[in-house]
Amino acid sequence: MNRFWSSRLSLLTSRTAQRTLFVRNYATESSSQQFPKEGFGAPIWRKTLGVVILGLIWYQADQYFIKKGEKHPVTKWIETLMLPESEYKRRNLAHLHLSVEASKDKVLFGEAKPPPIYRLKDPDQFERASPHCVEPGLEVDLSDLVVRRD
């Protein structure tokens, strides 16, 4: 038999190991702390009873307002916080008009194309004319003309 298992077996068979392995200890016997007596007087039961009573009162009040035919006070309070229906219609119409304008702008800018650029084969033709044959008022100043060559 293996030495490891033989040492474990001898530990289990010794009297001191048997005593410590099979002795039960209870928390109430070994400590001096006194636990409260359990019963239906505990705070959880009192709170539960209070919630049940409040629920029954609320249910009876709801039934009273339903039979009376008027709106519930909570419903009245929520209605005071709400905006009137006409305000929602006005907001929706304003949003609709803004959406239509935005879609028209989107179509307009989506179809837009840059203007065509006409390229001259010979940009030197601006300087071909005789400066002596120009009538007054027809001469254009081309001193700051920059020709793009892309």
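Anchor point for the sequence shown: position 36 equals 29 in our numbering, and the numbering is continuous, going up by one each time. The beta-carbon is built from N, C-alpha and C at its ideal position, and this holds for glycine as well.
Subject >> For residue 132, three-class secondary structure by DSSP >> reply: Working through the sequence shown from its first residue, we reach residue 132 at position 139. In the structure shown, residue 132 sits in coil (DSSP, three-state: anything other than H, G, I, E or B).
Original post:
Does the beta-carbon distance from residue 140 to residue 107 come in below 9 Å?
Top reply: Here residue 140 corresponds to residue number 147 of the sequence shown, with the count starting at 1. Here residue 107 corresponds to residue number 114 of the sequence shown, with the count starting at 1. Not a contact, by the Cβ cut-off of 9 Å.
Subject >> Whole-angstrom distance between residue 119 and residue 113, CA atom to CA atom >> reply: To locate residue 113, count along the sequence shown from 1; it is residue 120. To locate residue 119, count along the sequence shown from 1; it is residue 126. So the two alpha carbons sit approximately 10 Å from each other.
Subject >> Whole alpha helix (DSSP H) elements within the region 59 to 88, 4-residue minimum >> reply: Within the region 59 to 88, the complete alpha helix (DSSP H) segments of 4 residues or longer fall at 66 to 74, listed in chain order.
**OP:** Please classify residue 39: does DSSP put it in a helix, a strand, or coil?
**Re:** Mapped onto the sequence shown, residue 39 falls at position 46. Helix at residue 39.
**OP:** Could you check the C-alpha separation between residue 92 and residue 53 for me, to the nearest Å?
**Re:** As a working mapping, residue 92 is identified with position 99 in the sequence shown. As a working mapping, residue 53 is identified with position 60 in the sequence shown. Distance between residue 92 and residue 53, taken at the CA atoms: about 50 Å.
Original post:
Would you report the Cα separation of residue 36 and residue 80, rounded to the nearest angstrom?
Top reply: Here residue 36 corresponds to residue number 43 of the sequence shown, with the count starting at 1. Here residue 80 corresponds to residue number 87 of the sequence shown, with the count starting at 1. Approximately 51 Å between the Cα atoms of the pair.
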